[in-house]
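Numbering (numbering that gives the first Met the number 0), first residue to last: 0 to 72.
Following: one structure in structure tokens, then a few remarks.
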Amino acid sequence: MSLSFLVTLLVVLLIGLGVRSILRDWRKKFAEDDAQTEARRRAQIERNKAEVKSGGVVTLERGEDGVYRPGKE
Numbered sequence: 000m001s002l003s004f005l006v007t008l009l010v011v012l013l014i015g016l017g018v019r020s021i022l023r024d025w026r027k028k029f030a031e032d033d034a035q036t037e038a039r040r041r042a043q044i045e046r047n048k049a050e051v052k053s054g055g056v057v058t059l060e061r062g063e064d065g066v067y068r069p070g071k072e
């Protein structure tokens, strides 16, 4: 094994470890962002359900002519 091969191998190994570290950090950051986004989405769904139950929402149905009109409730 020549010295240049060992140096090249060492550089490749260090680059590989650096890339692994960067990917691990990114995954953790994106997992936190995904958790926050999911929590906001769930809160919005709960607000929408509460609004529908309160009776202040009009359900629209699409007519044969393609126009949306209040449903028959």
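Backbone N, C-alpha and C fix where the C-beta goes; we use that ideal spot for every residue, glycine too.
Legend entry - Rounded straight-line distance, which links the Cα of residue 19 to that of residue 10: 14 Å
Legend entry - Proximity below 7 Å, CB of residue 50 to CB of residue 56: yes
Inset, instruction - Using only the heavy atoms of the ligand GTP, determine whether one of them is closer than 6 Å to the beta carbon of residue 53. - result: For the ligand GTP, the structure offers nothing, since it holds no ligand at all.
Legend entry - residue 60 and residue 70 closer than 7 Å at C-beta: yes
Inset, instruction - May I have the straight-line CA-CA distance separating residue 17 from residue 31, to the nearest angstrom? - result: 22 Å
Inset, instruction - Could you give the DSSP three-state label for residue 37: helix, strand or coil? - result: helix
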